[in-house]
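Quick notes on the structure that follows.
Chains as they are written, first to last, in our numbering: chain X, 2 to 514; chain V, 2 to 514.
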């Protein structure tokens, strides 16, 4: 089958309908609703769930079609648009929209070859990524592409080409500094909120660290969610550049800038499949860092039975592959394999993690030492690869930068530049989960803890989540609290406690022998 | 993560909303629309595109959530349901519906293992197929499962277990006859409409052949679409049984009976991926045939460069595997490898193919001989495995059954039993596609011909499609018609001709040397 000619979308013979904004939220998936008895549906042979192409004055979007038999919602000549379709098409209410069948996707032939084990070259990845960003891949196509890369893992050359294609299709930030530092954590470890501590340490030593972070997708808090309880994070590009120019660093939400837009679509599908692949992970991380203009990257790989990377061997292989691909871009990368056997700090949830961050930065007496040490380790690696500390001395220098108050001072300046330091909210409701027996804590299931915090309302309810009262190895008496669940409504608290009652293995306490 | 307890859906503490029927067509995908500011969305932390579980008096459906900011469409406490969700939930307007997060799908763990190359056992396929039929798999999950089976082809044992699971999860037809014949064609060959000829031949010899067929999914006509222009095909189970009891055979639409319901979901996703795998194809065909109560099956495998099976080796492998799996069920199967190098008969499109069928059955002078010979070949194989003809004599017996009028008589009786013989419609508009040069027809692209017929309106417009004026090897003069495009509207005719003008390789004519 062949694609229509390039001018097909603006063909004056194509049927038109009038745009109607439905204010329908569908995430990134563009949706259009037509009347089942609409003349265009009929003459074009559209069926529900087919992909159709909408165009308006040079703007174009491919959308999933649903059909409705309701005269009140839509007139016969109206095309009801979801918010995502409305924005991409850039129409106004009642404006003419041309509709036609979505063109055949040539790049799917590469996806099919990849499914059967063929290796793809740069041109194939360029075509795929271009179509993905243009919204031409359905979720089925995306899932097929990602599954193929799980069944036959991407090799080093493929990861390089995919990463390059992902960078080229989005915006890129440029900086005057010759060294631009960034950090990334593989994730999967609740409470591991080092970024708001690492950035001020690194910036305090004169290095550029323009950090953009994501919101939570399946976890109870992303760095952007936590940081938002401390300062504004939705910075436009001009503000972001101003903050970095004046303070050396920022801690912003990455969604406001279009770095590696293909990654956003891939990540969502990977989460739904619950499949992580090394190749896609490396392409995701490196494409974001390259697009953000980074020259030096610290890559935190927590390893633990319930973390994302489960064995030392998996961590080693991931690090080797990331280093090899980064080298092809001239990007310096330092991979740190860290302890992923339990959550970091005490809080799990946006505001609860923010309180841990503040305690460390302000050197409060009860500040969680594991979070402080881990932040110092990562910041130290950044100072070393950035040339601000000799090998082996970075972590100590980073720790001193916390202890002497420079990190806290820089953090306050960054928050002020981003729009002003805020006080994180406190939840109204809280209840303890107590030990069922006396003994020693032998296992903490990070995945189930994350789920508990989410059921309590995190991250949508920023004050919600979990505060840990124990760590691995803690000795505990029957009836003593192991953790506290925090929620913004009693219903959410009940819902979370209900889950906890059904999940005795969130925290395992072993009887003394 | 763990699943909620079995009674979670009827937990009185679960929040409820009032059902509202939106009359929204979404094919098989259940969709629910809630207000973005609805208290349930808020307290449950639902996000657009998440999967949520709806329940009502023991009925349960998992639906994709969209959110809307429009007070006119939905009240705050309403849940707007697509037709698919509405039917499964079995609610009435305004009735209470409980909502919660969709439970974690344990069977996805098997899909993930399969992606990484592990073989699945019967229990794993049972769990997957059960969840698929219950509507718990999203399109992403289905695509991941199907891609895994393409990357690492299902082995014979897996195909057997998948087929078995697919049969067990649906309805099964039972017949008194000890021999129940069925036929299936791999497809991909336009105009290959042998079923309405094969069934009356086989039934005329006293064999049972309760044939259920599909409508077109991506082709310009399915057997059910063609047959519907000749007689009613949407028979309920009682009518279908009555027709077979009295006439020995039927030609009905399979959608009215729930044979192998998992297959309907798999096929849709395979088409969207445009990926066919032997394993899934065999499971699809055999599960439908076993569920339909067949004991003997003729399997037509057309082989050609633009057909679904492209090489003799692929055809041989498919036949061997199908025979091996069928044997495990005690099902007798006869695989016929046929010529797939060009369309069969003249018409492509529901009514146009029906005219070919009528011409053959009525022994009209201009009846397409290739269609007659092919139908005789398949019917002959059925007569042989059904014990009505000695090996090597079936095709001749079948041909005689056409020539002496018995097939036409039986066809008329079957149509009468199904509700009455109809006259297929004729299109109002038609235009020839002429040869660009004089010469010999050396190649016919079946895929592009199918696309041309679809752009002309087939199968939604039953009279639309293509009539071939040439075959491979025909000598043709410049300006003579190669085919005629038929359409029910001028707009559709223009649209199809526009495609033809851009696709010079639909039919290739070679200049004499």
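We treat Cβ as the ideally placed atom computed from N, Cα and C, and that holds for glycine.
Remember, it's a predicted structure, so these values are computed and weren't measured experimentally.
- The beta carbon of residue 164(V) lies closer than 8 Å to those of 283, 284, 287, 288, 291, 326, 330 in the same chain, with the five residues before and after it left out.
- The alpha carbon of residue 205(X) has as its nearest neighbour, out of 512(X), 105(X), 412(X), the alpha carbon of 412(X).
- The Cβ neighbour count for residue 197(X), taken over all protein chains shown within 10 Å, is at least 16; the residue is labelled buried.
- Taking a 10 Å sphere around the C-beta of residue 99(X), we find 16 or more other C-beta atoms and assign the residue as buried.
- When DSSP states are grouped into helix, strand and coil, residue 131(V) belongs to the helix group.
- By the neighbour-count criterion, in which 16 or more other beta carbons inside 10 Å mark a residue as buried, residue 512(V) falls on the exposed side.
- Around residue 111(V), the same chain offers 121, 125, 128, 129 as residues with beta carbons nearer than 7 Å, after the five sequence neighbours per side are excluded.
- Taking a beta-carbon distance threshold of 8 Å, residue 135(X) does not count as an interface residue toward chain V.
- In the three-state DSSP reduction, residue 59(V) falls in the coil class, being neither helix nor strand.
- Residue 176(X) carries a coil assignment under DSSP once its states are collapsed to helix, strand and coil.
- Under the Cβ criterion of 8 Å, residue 281(V) is not counted among the residues facing chain X.
- Ranked by Cα distance from residue 431(V), the first of 23(V), 410(V), 353(V), 488(V) is 488(V).
- Between residue 84(X) and residue 143(X), the C-beta gap is not smaller than 8 Å, which leaves the two residues out of contact.
- Identification of chain V residues near residue 117(X) by a Cβ-Cβ cut-off of 8 Å yields 151, 152, ordered along the chain.
- Identification of residues in the segment 257 to 288 of chain X having a C-beta nearer than 9 Å to some C-beta of chain V yields 269, 270, 273, 274, 275, 276, given in sequence order.
- Here DSSP, grouped into helix, strand and coil, assigns residue 479(X) to coil.
- Contact note: residue 69(X) reaches chain V through 23, 24, 25, 26, using a C-beta cutoff of 8 Å and chain order.
- Two segments are said to touch when three or more pairs of C-beta atoms, one from each, lie closer than 8 Å; by this definition the segment 417 to 425 of chain V touches the segment 235 to 250 of chain V.
- Chain X places a beta carbon closer than 8 Å to that of residue 50(V), counting this residue as a contact.
- Across the set 318(X), 406(X), 300(X), the C-alpha of 300(X) shows the shortest separation from the C-alpha of residue 183(X).
- In chain order, 192, 194, 354, 357, 369, 371, 372 place their CB closer than 7 Å to the CB of residue 346(V), counting only its own chain and leaving out the 5 sequence neighbours on each side.
- Per DSSP, residue 258(V) lies in no beta strand (DSSP E) and is assigned neither H nor E.
- As for any beta strand (DSSP E) of minimum length 3 sitting wholly inside the segment 168 to 224 of chain V, the runs are 182 to 186, 210 to 214, ordered along the chain.
- For residue 283(X), the uninterrupted alpha helix (DSSP H) run begins and ends at 279 to 292, by DSSP.
- Within 7 Å of the CB of residue 179(X), no CB atom of chain V is found; the nearest one sits about 41 Å away.
- The alpha helix (DSSP H) runs lying completely inside the segment 289 to 349 of chain V and spanning 4 residues or more are 313 to 329, given in chain order.
- In the three-state reduction of the DSSP assignment, residue 375(X) falls in the helix class, which pools H, G and I.
- Note on geometry: alpha-carbon atoms of residue 455(X) and residue 425(X) lie some 18 Å from one another.
- With a cutoff of 8 Å on beta-carbon distance, residue 152(V) and residue 118(X) are scored as near each other.
- Here the C-alpha atom of residue 389(V) lies approximately 14 Å from the C-alpha atom of residue 400(V).
- Non-local C-beta neighbours of residue 504(X) in its own chain, meaning closer than 6 Å and more than five positions away in sequence, comprise 449, ordered along the chain.
- Note that the C-beta distance between residue 86(X) and residue 52(X) is not below 8 Å.
- Secondary structure of residue 164(V) (DSSP, three-state): helix.
- Residues of chain V whose Cβ lies closer than 9 Å to the Cβ of residue 113(X) are, in chain order, 151, 274, 275, 276.
- Per DSSP, reduced to three states, the secondary structure at residue 514(V) is coil, with no helix or strand assignment.
- When DSSP states are grouped into helix, strand and coil, residue 26(X) belongs to the strand group.
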